[in-house]
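*Asks:* The structure is given below, and queries will be raised subsequently.
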Amino acid sequence: MWAYTLRRILSAIPTVFVVITVCYLLLHATPGGPFDSDRKVSEAVLANLQAKYHLDLPLWQQYLLYLKGLLQGDLGASFRYADWSVNDLVAKALPVSLSIGGAAMLLSIVIGVSLGIMAALRQNSVIDHFVMLLGNVGSAVPSFVLGPVMIIVFAIGLQWLPAGGWHDFEVRFMILPIALLTVINVATIGRVMRGSLIEVMHSGFIRTARAKGLPTRIVVLRHALKPALLPVVSVLGPLAISSITAALVTETVFSLPGLGKLIVNGAGNRDYTLVLGLVVLITLLTVTLNLLVDLAYAWLDPKIRY
Amino acid sequence: MPSHFKLTAAAALILAITGTSLAAVIPPGTQLHPSQTFVRSNGSEPESMDPAVAETVPANQIMRDLFEGLTATDTTGKTVPGVAESWKQTNPTTWVFKLRTNAKFSNGDPITAEDFVYGIRRFVDPKTASPYAATFGVFLLNGLEVAQGKKPPSEVGVKALDKYTLEIKTQDPIAFMPELVANTQLGPVHKATVEKWGKEWVKPGHMVGNGAFVLKDWQVNNRIVVEKNPQYWDAANVQLTKVTYLPIEDQFADIKLWESGETDYVYQMPPGVFDKYKAQYPKELRNQAIIGLRYYDFQTKDPVFKDVRVRKALSMVIDRDILSKRVTADGQPPSYSLIVPGVVGADPTPYEWATWPMDKKVAEAKKLLEQAGVKPGTKYTFSYNTSEYHKKMAVFVASEWKTKLGIIMETEAMEFKVLAKKRHDGAFQLARNGWLADYNDATTFLALVRCDSDQNTNFYCDREAEALIQKGTQSSDPIKRKALLTEASKKIMDGYPIIPMVQYSLPRLIKSYVGGYSELNPQDHYRSKDFYIIKH
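Taken in sequence, the protein lines are chains A and B.
Numbered according to numbering that gives the first Met the number 0, the first sequence terminates at residue 305, and the numbering increases by one at each position without gaps.
Numbered according to numbering that gives the first Met the number 0, the second sequence terminates at residue 535, and the numbering increases by one at each position without gaps.
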């Protein structure tokens, strides 16, 4: 297990390197540069701006400089947010995204798995229909519709919660965004859990367990749950990443200062260093989460050995 | 000294002396709320808090609270004394500003003429890389050469005659110098702070400014908080104790935050909701036209648009009234001129056909196209940056051309940066464009259509009109200058380099308890100093 983990970590290095390189080239190949704007700056000012960000050097030299900085943990200076370094920006935005995304993820797993189990055990009952409805609504209604509806109901109508914004981890500002992400994730997790558990409940070893006269509770918790969780675990990796990073819509709708906003602004403004910094961060998160998912497989399924 | 010059100087002096109503004008009987805090949406995160580097409207909005130039703009858009208490034009190209002796930086240091010299030299220095260096620098003696790196910053035409007297020498006679120096880019900078902290000098705890407010908190993409500056020379007349700026880019989120009571001030309403909110919040919906123009650029070097008759025909048939009332539908006035109402230094020159009935315009346009050999079914490509607003306008224009002339307009949407580059490179046929005045003078609009101007993205050049502009800007007689610039503007617009569409306006929701907003400020240069919260 430890050797496997180490191997996976080592094999992640070339992955990260390739992602950075491809992203670097793509960014520079995109038309329009960081200093293109309504107001054309004079040649001398442009030359100074380019020198400041090393854009006057040949691309390969810029790339090597970037890698050198990266190895020292320096993600460079931001173009869009001229007074800040990318390290500063990420350090401020990451906790916001992690807390919203993390809380939503935990809630989604608990609620999604529980609802999925209930729906699977009572197929075609009211609870089953409810889970399926929730699954369909969560998948079909986009977050940019659901989010504003939640604001209209809970912030403007009932005035229970603020319509958006962020005040140093104050809970009332976090409830609506967490709720929105949770509803969307629960839809996926609940549906996958339901389908998978129904399938497991029809398999031979469950029939054996039942034949032994075990009560349903034990059959489900001790025998069926673990194998049924495998597909759920598979979707958790991508879901977790999207909860943290692809929460672009959530952050826009609720005006949150998270990573999503940085990605959108960085890409739109050709902020090469900011986008690359976030790509590095997201790649590392993806690699780590994938590793955790794979390790969870081994725990859930004794047949899997590393 | 010519007699007309004496007139200008006298007028400037009178302005300086009479312009003493400095702070918020609070109507008698108004009861102020015990808590003078104000939360405003500010569109987007400022790109920098360095007054020399700040470029966008949101950044400059905050700059006007944290810094103050020689002069300032009051709530009605009038130029009022700032750090300077009086000024006069001593000869056509020299202005002398007398600084008040009680003006201090936020750390208590007195503000002297040397602080302005340092600030202005730093601003035009190419090392600072200010996007405005050439825009404003062009008015100062040697300013453009310094911004272009051809002369050292010490050569720029600004000098401290004594501790509290500043002399500014200009390239041409600049009648609007008092308005120009209201821009905080040309304001004082605390040298010791910049030298001590370097790039970090703009952060809370480091920044030393001289505005009515000081920077307290700055959380990127979340909030910027400024608090009343007790060292400010006019602090006694500043009502607000705290202003919070929120960088809310999503216009619908902006409205929802306002409706839920989280904010007092919406930055700008999204398109298509004006009527709905006007009905719902008649008192709170405020709308003012500002000096800015939405227009379409012809790439006049492209063979398809080389013929002025084609450009004229296409411009003629767009019904700006319907565009303004039904399409953008947010109170933006239709425009048939490069110079919009409210601009100083030239008059609007609407086309004579603007008032013709549409049938007549269409008949004339068809005739022009026929003469130019353009047949129905001809296709043009229109480039715009992805936005619901621009798309709406483009769809309307395409339908106008299709139904009235049989011309087909194909549209291509792209990111803003891509469009900006395409426009500057001339890699388009027709492109969306817009301009908000950098300062209130006709030259800021003429820059869009002048020969050899960096901002000219239609590549049109009329040498005769250029000569008129040169003559006008070198004249120290404001009446003659205005006549020449108006004539030049008309001459250029008769060459149809652009299609003026609508004048910008700023529809926004403001809580009824916010006092001091006038709807008369043509550049939207409001300062929080002029706002106050009424008891509610």
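Even for Gly, the Cβ is constructed at its ideal location relative to N, Cα and C.
Answer yes if the segment 147 to 161 of chain B comes into contact with the segment 176 to 184 of chain B, meaning at least three C-beta pairs across the two stretches below 8 angstroms, and no otherwise.
*Replies:* As far as the Cβ criterion goes, the segment 176 to 184 of chain B does not touch the segment 147 to 161 of chain B, which means the pair count is below three.
*Asks:* According to DSSP, is G271/B helix, strand or coil?
*Replies:* Locating residue 271/B in the second sequence gives position 272, counting from the first residue. Coil.
*Asks:* Would you kindly check if the distance between the Cβ of Y525/B and the Cβ of Q60/B is under 9 angstroms?
*Replies:* Working through the second sequence from its first residue, we reach residue 60/B at position 61. Working through the second sequence from its first residue, we reach residue 525/B at position 526. Yes.
*Asks:* Using a cut-off of 7 angstroms between C-beta atoms, extract the partners of F251/B located in chain A.
*Replies:* As a first step, residue 251/B is located in the second sequence; it is residue number 252 there, counting from the start. Within chain A, the residues near F251/B are P147.
*Asks:* Reducing DSSP to helix, strand and coil, say where K534/B ends up.
*Replies:* Here residue 534/B refers to the residue found at position 535 when the second sequence is read from its first residue. In the structure shown, K534/B sits in coil (DSSP, three-state: anything other than H, G, I, E or B).
*Asks:* What does a CB cutoff of less than 7 angstroms around L160/A pick up in its chain, not counting 5 residues either side in sequence?
*Replies:* Position 161 of the first sequence, counted from the start, is the residue given in the question as residue 160/A. Counting only Cβ-Cβ distances below 7 angstroms, and skipping sequence neighbours, we find F153, A154, R171, I174 and L175.
*Asks:* Which residues in the same chain as A58/B place their Cβ atom closer than 8 angstroms to its Cβ, once the five residues preceding and following it in sequence are excluded?
*Replies:* Reading the second sequence from its first residue, position 59 is the one you call residue 58/B. So the list reads P45, E46, S47 and M48, once near-sequence residues are dropped.
*Asks:* Relative to the alpha-carbon of M206/B, which residue among N221/B, R222/B and N228/B has its alpha-carbon at the smallest distance?
*Replies:* The residue you call residue 206/B lines up with position 207 of the second sequence. Among N221/B, R222/B and N228/B, the Cα nearest to that of M206/B is on N228/B.
*Asks:* So what does DSSP say about I491/B, is it helix, strand or coil?
*Replies:* For the purposes of this step, residue 491/B is taken as residue 492 along the second sequence, with counting starting at 1. In this structure, I491/B counts as helix in the three-state DSSP scheme.
*Asks:* Taking 9 angstroms as the CB-CB limit, is S129/B close to chain A?
*Replies:* In the second sequence, counting from the first residue as 1, residue 129/B sits at position 130. It does; some Cβ of chain A falls within 9 angstroms.
*Asks:* Chain B partners of W83/A, CB-CB under 7 angstroms?
*Replies:* The count along the first sequence starts at 1 and reaches residue 83/A at position 84. Chain B residues near W83/A: V219.
*Asks:* Determine, for P141/A, whether the minimum Cβ-Cβ distance to residues of chain B falls below 9 angstroms.
*Replies:* For the purposes of this step, residue 141/A is taken as residue 142 along the first sequence, with counting starting at 1. It does not: the Cβ of P141/A has no partner Cβ on chain B nearer than 9 angstroms.
*Asks:* Against chain A, with Cβ distances strictly below 9 angstroms, would M48/B count as a contact?
*Replies:* Looking up residue 48/B in the second sequence gives position 49. Yes, because at least one Cβ of chain A sits closer than 9 angstroms to the Cβ of M48/B.
*Asks:* Measure the alpha-carbon distance for M131/A versus T187/A and round it to whole angstroms.
*Replies:* As a first step, residue 131/A is located in the first sequence; it is residue number 132 there, counting from the start. As a first step, residue 187/A is located in the first sequence; it is residue number 188 there, counting from the start. One C-alpha to the other measures close to 10 angstroms.
*Asks:* According to DSSP, which residues form a beta bridge with L214/B?
*Replies:* Residue mapping note: residue 214/B aligns to position 215 of the second sequence, counting from 1. According to DSSP, which records beta bridges pairwise, L214/B is partnered with V225/B.
*Asks:* Specify the secondary structure class of S153/B as computed by DSSP and reduced to three states.
*Replies:* By one-based count along the second sequence, residue 153/B stands at place 154. In this structure, S153/B counts as helix in the three-state DSSP scheme.
*Asks:* Which one of N439/B, E486/B and Y512/B has the shortest CA to CA distance from T521/B?
*Replies:* What you label residue 521/B is simply residue 522 of the second sequence in a count that begins at 1. According to the sequence shown, residue 521/B is Pro rather than Thr. Considering only alpha carbons, the answer is N439/B.
*Asks:* Quick check on DSSP: helix, strand or coil for T377/B?
*Replies:* Working through the second sequence from its first residue, we reach residue 377/B at position 378. Reduced to three states, the DSSP call for T377/B is coil.
*Asks:* With a threshold of 9 angstroms between beta-carbons, can Y296/A be considered close to chain B, or not?
*Replies:* For the purposes of this step, residue 296/A is taken as residue 297 along the first sequence, with counting starting at 1. No, its Cβ sits nowhere closer than 9 angstroms to a Cβ of chain B.
*Asks:* Can you tell me the Cα-Cα spacing of S20/B and K126/B, whole angstroms?
*Replies:* As a position in the second sequence, residue 20/B is number 21, starting the count at 1. As a position in the second sequence, residue 126/B is number 127, starting the count at 1. The predicted model places S20/B with a pLDDT of 44, which falls under 50 and marks its position as unreliable; any figure quoted below should be read in that light. So the two alpha carbons sit approximately 38 angstroms from each other.
*Asks:* Quick check on the burial criterion: 16 or more other C-beta atoms within 10 angstroms. Buried or exposed for K103/B?
*Replies:* Locating residue 103/B in the second sequence gives position 104, counting from the first residue. Buried: at least 16 other Cβ atoms inside 10 Å.
*Asks:* Quick one: grab the DSSP three-state call for G134/A.
*Replies:* Reading the first sequence from its first residue, position 135 is the one you call residue 134/A. If DSSP states are grouped into helix, strand and coil, G134/A belongs with the helices.
*Asks:* For the beta strand (DSSP E) that I247/B lies in, which residues bound it at each end?
*Replies:* Translated into the one-based positions of the second sequence, residue 247/B becomes position 248. That residue, I247/B, is in no beta strand (DSSP E); it is neither H nor E in DSSP.
*Asks:* At least one CB of chain D closer than 9 angstroms to the CB of E169/A: is that the case?
*Replies:* This model lacks chain D altogether; the protein chains it does include are A and B.
*Asks:* Using C-beta distances below 6 angstroms, list every residue in its chain close to E166/B, excluding the 5 sequence neighbours before and after it, in chain order.
*Replies:* Along the second sequence, read from residue 1 onward, the residue named residue 166/B stands at position 167. Same-chain partners within the cutoff: V95, K158 and L160.
*Asks:* Could you check where the beta strand (DSSP E) with Q184/B kicks off and where it finishes?
*Replies:* For the purposes of this step, residue 184/B is taken as residue 185 along the second sequence, with counting starting at 1. Segment: none, Q184/B is in no beta strand (DSSP E) and carries neither H nor E.
*Asks:* Could you round the C-beta distance between Y266/B and S475/B to whole angstroms and report it? I think they count as a contact, below 8 angstroms.
*Replies:* Your numbering for residue 266/B matches position 267 in the second sequence. Your numbering for residue 475/B matches position 476 in the second sequence. Rounded, the Cβ-Cβ distance is 40 angstroms, inconsistent with contact.
*Asks:* Below 9 angstroms between beta carbons: does that hold for F427/B and S488/B?
*Replies:* The residue labelled residue 427/B in the question sits at position 428 within the second sequence. The residue labelled residue 488/B in the question sits at position 489 within the second sequence. Taking 9 angstroms as the Cβ cut-off, F427/B and S488/B do not qualify as a contacting pair.
*Asks:* Out of R480/B, G405/B and N432/B, state which residue places its alpha-carbon closest to the alpha-carbon of I468/B.
*Replies:* Working through the second sequence from its first residue, we reach residue 468/B at position 469. Here the closest residue by C-alpha is R480/B.
*Asks:* For L143/B, which of helix, strand or coil comes out of DSSP?
*Replies:* Position 144 of the second sequence, counted from the first residue, corresponds to residue 143/B. Residue state, collapsed to three classes: helix.
*Asks:* So what does DSSP say about F297/B, is it helix, strand or coil?
*Replies:* The sequence position of residue 297/B within the second sequence is 298, counting from 1. Strand.
*Asks:* How many whole angstroms separate the CB atoms of S105/B and Q230/B, which I take to be in contact at a CB cut-off of 8 angstroms?
*Replies:* Counting from one through the second sequence, the residue named residue 105/B turns up at place 106. Counting from one through the second sequence, the residue named residue 230/B turns up at place 231. Rounded, the Cβ-Cβ distance is 5 angstroms, consistent with contact.
*Asks:* Closer than 6 angstroms by C-beta to L256/B: which residues in its own chain qualify, once you throw out the five before and the five after it? Chain order, please.
*Replies:* The residue you call residue 256/B lines up with position 257 of the second sequence. These residues qualify, in order along the chain: T262.
*Asks:* Which residues mark the beginning and the end of the alpha helix (DSSP H) in which Y503/B is found?
*Replies:* Your numbering for residue 503/B matches position 504 in the second sequence. Note, Y503/B: premise wrong, no alpha helix (DSSP H); beta strand (DSSP E) at I497 to L508.
*Asks:* What's the gap between the Cα of V219/B and the Cα of T55/B?
*Replies:* Along the second sequence, one-based indexing puts residue 219/B at 220. Along the second sequence, one-based indexing puts residue 55/B at 56. Looking at the two C-alpha atoms, the distance is approximately 16 angstroms.
*Asks:* Answer yes or no: do D249/B and Q473/B have a C-beta to C-beta separation smaller than 9 angstroms?
*Replies:* Mapped onto the second sequence, residue 249/B falls at position 250. Mapped onto the second sequence, residue 473/B falls at position 474. Not closer than 9 angstroms, so no.
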